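Following: one structure in structure tokens, then a few remarks.
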Amino acid sequence: MTPDAKIETLLEMQGIEHVFGRREDWVDKGVRLIRGKRTAPARVRALNGVDLTLGKGEVLGIAGESGCGKSTLGRAMVGLMHPTGGSVTYRGQPVMRGRRPLHLKLQMIFQDSGSVLNPRLRVKELIGEGPILHGLLARRDLEDFVADQLETVGMAPDVMNRYPHQFSGGQRQRINVARVLALRPETIVCDESVAALDVSIQAQILNLFMDLKDRFGLTYAFISHDLGVLRHISDRIMVMYLGRVVEEGPAAEVFANPRHPYTRALLENAPRLSRRNQIFQAVPGEVPSPLNMPSGCAFHTRCALRRPECSLSVPNLMGTGAHRHACPIVEAAA
Amino acid sequence: MNRPLLEVRNLQTHFLTSMGAIRAVDDVSFSLQRGEVLGLVGESGSGKTITGYSILGVVDEPGRIVGGEIVLRDTEDGEVVLNHLGEKQLRRLRGNRIAMIMQDPMMSLNPSLRIGTQLVETVLAHRQASRSEAERRAVDVMRRVGIPDPEQRMQAFPHEFSGGMRQRVAIAIALINEPDLIIADEPTTALDVTTQVQILSEVQKLARETGTAWIWITHDLAVVAGLAQHIAVMYAGKVVEFGATEDLLDHPRHPYTRGLIASIPGEGELAADRRLHQIPGNTPSLLNLPEGCAFRTRCDRAGAQCDIQPMLETSSAGDRALRCWHPLEGQSP
Ligand SMILES: Nc1ncnc2c1ncn2[C@@H]1O[C@H](COP(=O)(O)OP(=O)(O)OP(=O)(O)O)[C@@H](O)[C@H]1O
Ligand SMILES: Nc1ncnc2c1ncn2[C@@H]1O[C@H](COP(=O)(O)OP(=O)(O)O)[C@@H](O)[C@H]1O
Ligand code: SF4
Ligand code: SF4
Ligand SMILES: [Mg+2]
Ligand SMILES: [Mg+2]
Chain A
1 MTPDAKIETL LEMQGIEHVF GRREDWVDKG VRLIRGKRTA PARVRALNGV
51 DLTLGKGEVL GIAGESGCGK STLGRAMVGL MHPTGGSVTY RGQPVMRGRR
101 PLHLKLQMIF QDSGSVLNPR LRVKELIGEG PILHGLLARR DLEDFVADQL
151 ETVGMAPDVM NRYPHQFSGG QRQRINVARV LALRPETIVC DESVAALDVS
201 IQAQILNLFM DLKDRFGLTY AFISHDLGVL RHISDRIMVM YLGRVVEEGP
251 AAEVFANPRH PYTRALLENA PRLSRRNQIF QAVPGEVPSP LNMPSGCAFH
301 TRCALRRPEC SLSVPNLMGT GAHRHACPIV EAAA
Chain B
1001 MNRPLLEVRN LQTHFLTSMG AIRAVDDVSF SLQRGEVLGL VGESGSGKTI
1051 TGYSILGVVD EPGRIVGGEI VLRDTEDGEV VLNHLGEKQL RRLRGNRIAM
1101 IMQDPMMSLN PSLRIGTQLV ETVLAHRQAS RSEAERRAVD VMRRVGIPDP
1151 EQRMQAFPHE FSGGMRQRVA IAIALINEPD LIIADEPTTA LDVTTQVQIL
1201 SEVQKLARET GTAWIWITHD LAVVAGLAQH IAVMYAGKVV EFGATEDLLD
1251 HPRHPYTRGL IASIPGEGEL AADRRLHQIP GNTPSLLNLP EGCAFRTRCD
1301 RAGAQCDIQP MLETSSAGDR ALRCWHPLEG QSP
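What follows is the structure in structure tokens.
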């Protein structure tokens, strides 16, 4: 599965599973008290046997619809969460020790840049406190250091005394990037990091990510539901459906020749600038609830190529070389 | 061609704040036929939402429509000037002939009422219908926007839904009375592709089958490329370019429109260095706009004349409008 044997593997995930057990919340409790009915303890299977490697310097794009487990996977990658099954290692070491992430070299950038920045801290503290805490920086060097970081993300040093609310969404995302870079990461997991931004600002941030990659040799896992962004930024692509990888391969190849029926449906119908007067065609059927996962190939409830056997067993990834997919029916037809 | 369903002429909506007048909408004009989708495109803060609020008559203090006219026609060619109506008359039109899907779905939803109740009430407020008829309509519209198990989901409260589901409910509420005009404010921006496509296909069907006209507000040109027949591009409160979708996207003439198109990722040939076109500089504050053309400080074609505000010039055929002293020749971007 390693994209290129010569490339050093940084992150490795094997057989990742994650089941969220749901505790009774106040709504359930209300239902129980008023109606005397107990809401079934829901267990959400968010990830189901995901394998993944991330080679040094590559950009891995992760696509899939809402709720398919992308963020859960991202959090497990950086050690913010302990998956209920499987192993995650970074440079051969586990990513968590106890309940804590182990590697400073692995960082995550979230979508909502505004809300992750503490509104009571100035830019200076937002960027500098982490490195001081981790012993990467002496307090007397704070201002010089922050000025440097701000410059890296294309902001003037004199903003360091301002508070987050004094910035636009795009500027806040830059500050967020500066904050993460201040910890000198090697690998960054971006979860919908440009989703909330206007195209013109999105272009600035995507260019910034690429500049930083060139300058510092960074590695990215880039989670996005925007296929245009993924096509632009990714070397390799992984498509997920309900907690499983259904297709993966070199980005150019997957976009040019998608194989799995789900990937095809996704790419054929997505809005594109070049598609005028498009007749939008929804993927038929409903997104199955992860509380009630379809048997066999989870896509069988919506798949046009479905055969009776599709609901019997879970297809594994197949195909030759780096481009692989999890559908025996298209494989047989090819 | 029929007379348009909606005509917005020289609309100006300003916020009179202590820091000065914020000209959120400042000379916006466009028109829209029945069954047509108009894409209203521009970056954050350019005035798209306030244009929608102005049409609906829901601009909050200290904001006011200070100029222009918003004309809505009915099938008999009777017409009303929306911004001359009183609140009572407007209320009769809202949710009935015109509806808006808000950027934040919770703005259209009452957190303490069941989803079903909210849909049914929207029907009963404007239609002579029995409760069971209204309920049937509610279930039907929920199914159309792709909510699984609509009968059961009618009992749910908004907080029990994910963000995407809430947005679909907000869309269902806008659709339920089949209004003449729906203003949709970035309703699919936060949704994933499959959900987005499902909603877009529903929008198209409605436009085709019931003649509903849509104003689709977005910063995503790719969405309106497939959906809209016309596009209006806004910058700093003004429409800077208007045209038929194909023509505008293939031959943008305003430098800002061209910049927007070029900064979209993942289109056409990928640049070898993985860099996107960037429009230089940042969106200016509306309190502190450059004199003359507001795009002047970011424009590579700016000249001395650009110190003077250019007017929106409409082509003789009326199908293209442009606000620029030195427009592009209409070559491909
Ligand atoms: N804390 C939690 N408790 C219970 N279920 C959860 C929890 N967090 C996530 N889930 C469920 O796990 C599944 C995967 O969630 P995840 O957030 O990884 O999705 P995602 O692919 O990132 O979606 P999106 O595109 O909407 O961000 C979903 O069904 C979600 O509802
Ligand atoms: N209540 C308000 N008071 C003052 N200014 C406002 C108010 N609402 C909006 N504005 C300003 O009006 C301009 C246009 O806003 P809006 O229409 O929401 O932009 P868009 O929808 O294009 O992002 C922005 O500069 C915004 O800050
Ligand atoms: S395994 Fe069957 S249901 Fe699944 S994608 Fe392939 S054809 Fe469709
Ligand atoms: S009027 Fe001048 S500054 Fe404005 S867009 Fe046209 S050329 Fe550029
Ligand atoms: Mg997520
Ligand atoms: Mg808005």
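Protein chains in written order, with this note's numbering: chain A, 1 to 334; chain B, 1001 to 1333.
Backbone N, C-alpha and C fix where the C-beta goes; we use that ideal spot for every residue, glycine too.
Keep in mind it's a predicted model, so treat the numbers as computed, not measured.
Within-8 Å CB hit, residue i to chain B
{"i": "F110(A)", "result": "no"}
{"i": "F20(A)", "result": "no"}
{"i": "G79(A)", "result": "no"}
{"i": "L133(A)", "result": "no"}
{"i": "C297(A)", "result": "no"}
{"i": "P3(A)", "result": "At P3(A) the pLDDT is 49, less than 50, meaning the model places this residue with poor confidence; the figure from the coordinates comes in the next sentence. It does not; no Cβ of chain B falls within 8 Å."}
{"i": "F222(A)", "result": "no"}
{"i": "A178(A)", "result": "no"}
{"i": "A203(A)", "result": "yes"}
{"i": "R338(A)", "result": "The question about residue 338(A) has no answer here: the residues shown for chain A are numbered 1 through 334."}
{"i": "I279(A)", "result": "yes"}
{"i": "M210(A)", "result": "yes"}
{"i": "L206(A)", "result": "yes"}
{"i": "L266(A)", "result": "yes"}
Residue interval of the alpha helix (DSSP H) (run including residue i)
{"i": "D191(A)", "result": "Segment T187 to D191 is the beta strand (DSSP E) holding D191(A); no alpha helix (DSSP H) there."}
{"i": "H1014(B)", "result": "From DSSP, H1014(B) is part of no alpha helix (DSSP H) but of the beta strand (DSSP E) over L1006 to T1017."}
{"i": "T1194(B)", "result": "V1193 to T1210"}
{"i": "M210(A)", "result": "V199 to F216"}
{"i": "V177(A)", "result": "G169 to L181"}
{"i": "P328(A)", "result": "P328 to A333"}
{"i": "S1263(B)", "result": "It is not in any alpha helix (DSSP H) - S1263(B) carries neither H nor E in the DSSP assignment."}
Cα-Cα separation, residue i to residue j
{"i": "S193(A)", "j": "G30(A)", "result": "37 Å"}
{"i": "G92(A)", "j": "K70(A)", "result": "23 Å"}
{"i": "S1130(B)", "j": "G1095(B)", "result": "18 Å"}
{"i": "L1113(B)", "j": "I1022(B)", "result": "36 Å"}
{"i": "Q1278(B)", "j": "A203(A)", "result": "6 Å"}
{"i": "D51(A)", "j": "S1201(B)", "result": "35 Å"}
{"i": "L273(A)", "j": "S1132(B)", "result": "43 Å"}
{"i": "Q1089(B)", "j": "Q1204(B)", "result": "29 Å"}
{"i": "G135(A)", "j": "K105(A)", "result": "14 Å"}
{"i": "M1(A)", "j": "A326(A)", "result": "Any answer about M1(A) is weak, because its pLDDT of 46 lies below 50 and its placement is not dependable; what the coordinates show is given next. Going by the C-alpha atoms only, they are around 14 Å apart."}
{"i": "V239(A)", "j": "C297(A)", "result": "14 Å"}
{"i": "Q1012(B)", "j": "D1027(B)", "result": "5 Å"}
{"i": "T1188(B)", "j": "L1227(B)", "result": "13 Å"}
{"i": "E8(A)", "j": "E1151(B)", "result": "53 Å"}
{"i": "R1253(B)", "j": "L1328(B)", "result": "5 Å"}
{"i": "C1306(B)", "j": "C1293(B)", "result": "6 Å"}
{"i": "G1042(B)", "j": "M1154(B)", "result": "36 Å"}
{"i": "L1206(B)", "j": "G128(A)", "result": "53 Å"}
Neighbourhood of residue i by C-beta distance below 8 Å, restricted to the same chain and skipping five residues each side
{"i": "A334(A)", "result": "R259"}
{"i": "V153(A)", "result": "R174, I175, V177, A178, L181 and L208"}
Cut-off 7 Å between Cβ atoms - residues of its own chain near residue i, not counting five sequence neighbours on either side
{"i": "G1163(B)", "result": "A1190"}
{"i": "R302(A)", "result": "V283, P284 and G285"}
{"i": "L345(A)", "result": "Residue 345(A) is absent from the structure shown; chain A starts at 1 and stops at 334."}
{"i": "Q1222(B)", "result": "Residue 1222(B) is actually Ala in this sequence, not Gln. For A1222(B), where only same-chain residues beyond five positions count, the Cβ hits under 7 Å are I1264."}
{"i": "V1080(B)", "result": "L1072"}
{"i": "M1165(B)", "result": "I1147"}
{"i": "Q1118(B)", "result": "L1109, N1110 and I1173"}
{"i": "A1125(B)", "result": "G1095"}
{"i": "D141(A)", "result": "none"}
Closer than 7 Å: residue i CB and nearest ligand 8 heavy atom
{"i": "P164(A)", "result": "Of the ligands one can find in the structure shown, namely ligand 1, ligand 2, ligand 3, ligand 4, ligand 5 and ligand 6, none is ligand 8."}
Residues that residue i contacts on chain D, provided the C-beta gap is smaller than 8 Å
{"i": "E1267(B)", "result": "Any reference to chain D falls outside this structure, whose protein chains are A and B."}
Limits of the unbroken beta strand (DSSP E) element including residue i
{"i": "S87(A)", "result": "G85 to Y90"}
{"i": "N48(A)", "result": "R43 to G55"}
{"i": "G79(A)", "result": "G79(A) -> no beta strand (DSSP E), and no H or E assigned at all."}
8 Å Cβ cutoff, residue i in contact with chain A
{"i": "G1164(B)", "result": "yes"}
{"i": "A1170(B)", "result": "no"}
{"i": "D1382(B)", "result": "Because chain B in this structure spans residues 1001 to 1333, residue 1382(B) falls outside the shown range and cannot be described."}
Open item on the list: For the pair the stretch 307-322 of chain A and the stretch 1041-1061 of chain B, tell me if three or more CB-CB distances fall below 8 Å.
Closed with: no
Task: the stretch 228-245 of chain A / the stretch 54-72 of chain A touching (three or more Cβ pairs under 8 Å) - done: yes
Open item on the list: Taking contact to mean 3 or more Cβ pairs, one atom from each stretch, closer than 8 Å, check whether the stretch 1130-1150 of chain B and the stretch 1213-1226 of chain B are in contact.
Closed with: no
TODO: May I ask you to verify whether the stretch 1098-1105 of chain B touches the stretch 1169-1181 of chain B, counting CB pairs closer than 8 Å and requiring at least 3?
DONE: yes
TODO: Evaluate contact between the stretch 1058-1070 of chain B and the stretch 1140-1159 of chain B, counting only Cβ atoms and requiring at least three cross-stretch pairs below 8 Å.
DONE: no
Task: contact_flag[the stretch 241-255 of chain A, the stretch 79-90 of chain A] where n(CB pairs < 8 Å) is 3 or more - done: no
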